[in-house]
Amino acid sequence: MSNDWRLNVADAMRRPLFQHARVVAGSKGLMRPVRWVHILESAETGKYLNGGELILSTGMWFGEAREKRLAYLSELIQRQAVGLCVELGTYIPQIPDDMLEMADHHQFPLIVFSQPVRFVDITLDLHELIINRQLQALRNLEAYSRGLQQLSLRSQGFGKLLQAFHDAVQTQVFLYTPESGAQYAPPLPHAVQSELTQLMRSRFSSEDPDRSSAGTLLLSEKKQIVYQPVLAMGHLLAYVGMVLYEREADEYLLLTLDNTVNVLAQILMRNMFVEEQKRDAENRLFDELIANRPMTEEQMRSLLGLSGSGSTPSYHAIIISVFHDKEEGDPSPPHDLTAVFRSLLGRLGFRPYIRCIGNRFYLLAVEKHALPDPRQRLDKALREIERIFRQLFGSGTHVRFGVSRSGRRLADAAGHVAEAEQALAFHEESPSPYFADLGLFRLLFYVPQEPVLTAFIDDYLGPLIR
């Protein structure tokens, strides 16, 4: 659908009013798309062009004067017009060689009418054709969008949706997710697929997480990848794109890509939310941990769904507290963010278990395998979580973290949740959210909080603590 919605110079040449016209130079530029048709006689009025115009002229103001005609043609090329149609006659009986050379050099179509024509008829005919094609493209786009919505209601994976995207844009398309790599429609040879996937993995890993607009990755002078991130609640889920060969990303292609991205975001988020509904065991687990009820290693492994009785990789308990400057609306974060945080931590090498209660998130971040730099990865996760909160709720949102020490025995998880609670409680006194960095404050948490003892500590140790 997208290949023929725009009128190009070659299409204009096939119209009945161009039956006595011929291309005398710049024939390599005949595929340039025509946005509008304009009558322009002098170089001075070239400043009113926006680019993409097919120009009609009688040569009245430049005629056979060499400097004027070359200045006129140069101005059209510089203003990115797509071609020049000249009516041969009194003002310019034939096109001089210097104009032909310039047009050929810039691949700028130069067309002549050997018989008198009515420019008003040409503009009317081509403008009507341009508008009709644009309207048809919009109808096609609307039909494509409805089709995507229907596909999104069927549990057929992403293959059918990618195939519909390919049919709409008539070029190679893909869906890339950081967790599982890329899917292509139509399928590619294994070697080509591996090379493209590795190239995208390298490019997308350095992308700005806030970016939501389409981007371009050049593969060669004639080939490029046009892609757009799939975002939901400020979190990157995937990338969707297309490979273009000797073709630019026009408005139709970008709108089709945007529609595809929107539907994919809905599907991916819906899948994540369905998974969240299946995690009742995690909710029971955190209820037990917060209440500090003792559990055996076997009970913990059962609630976490860990098979076997082998050793458990290291884990951290994390508490996230969110509040706002203004008490307007609901101060609690949406529970839907548990799916977003699960995806984020999973991407960083953790198997996350999450529970949202009020304005807090409780997490156990279990390493999938022994990580060489768990703290560095946790720092990255905390920064990204804070960015997501601020993007969703505004700059007046405050996010506090408490992170426990690394744990090995799951039966000790309640103690690590208590450590995260302590780190969170002292967030104003400590610059670090990690329990391991609290220093003296680690001792104070275990002292009973009777009023007399509190006053005693404040009187005698207050200056030192502060």
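Letter by letter, the sequence shown follows residues 3 to 468 in our numbering. Built from N, CA and C at the ideal position, the CB exists for glycine as well.
A contact is defined here as three or more CB-CB pairs under 8 angstroms, and the stretch 23-31 meets this definition with respect to the stretch 98-105.
The Cβ atoms of V232 and L239 sit closer than 7 angstroms to each other. Annotated as proximal: A367 and F352, with beta-carbon spacing under 7 angstroms. Here Q109 has G28, K30 and G31 as same chain residues with Cβ atoms under 7 angstroms from its own Cβ, once five neighbours each way along the sequence are excluded. Rounded to the nearest whole angstrom, the CA to CA distance from E89 to N52 is 23 angstroms. Looking at the DSSP output, Q21 sits in no beta bridge, so it has no partner there. Its chain contains Q230 as the residues whose beta carbon lies nearer than 7 angstroms to that of D260, once the 5 sequence neighbours on both sides are disregarded; these appear in chain order. For the 7 angstroms CB-CB criterion, L442 and A383 do not form a contact. With a cut-off of 8 angstroms on Cβ pairs, the stretch 290-301 is in contact with the stretch 410-418, counting three or more such pairs. Sixteen is the threshold: when 16 or more other Cβ atoms of the shown chains lie within 10 Å of the Cβ of H418, as they do, the residue is buried. At a Cβ-Cβ threshold of 7 angstroms, K225 and Y241 do not count as neighbours. Taken through DSSP and simplified to helix, strand or coil, S397 comes out as coil. Per DSSP, the continuous beta strand (DSSP E) segment holding R357 begins and ends at F352 to I359.
As summarised for the stretch 257-309, the continuous alpha helix (DSSP H) elements at least 4 residues long and confined to that stretch are 282-292 and 299-306, given in chain order. Exclusion of the five residues before and after Y74 leaves A45 and F64 as the residues of its chain whose Cβ lies within less than 6 angstroms of its Cβ. With a threshold of 16 other beta carbon atoms within 10 Å, Y462 falls short and is exposed.
Bounds of the alpha helix (DSSP H) holding V11 are V11 to M15. Y436 is bridged by DSSP to V405. The three-state secondary structure of G61, taken from DSSP, is coil.
Annotation for H337: C358 place their beta carbon closer than 7 angstroms to its own, counting only its chain and skipping 5 residues before and after.
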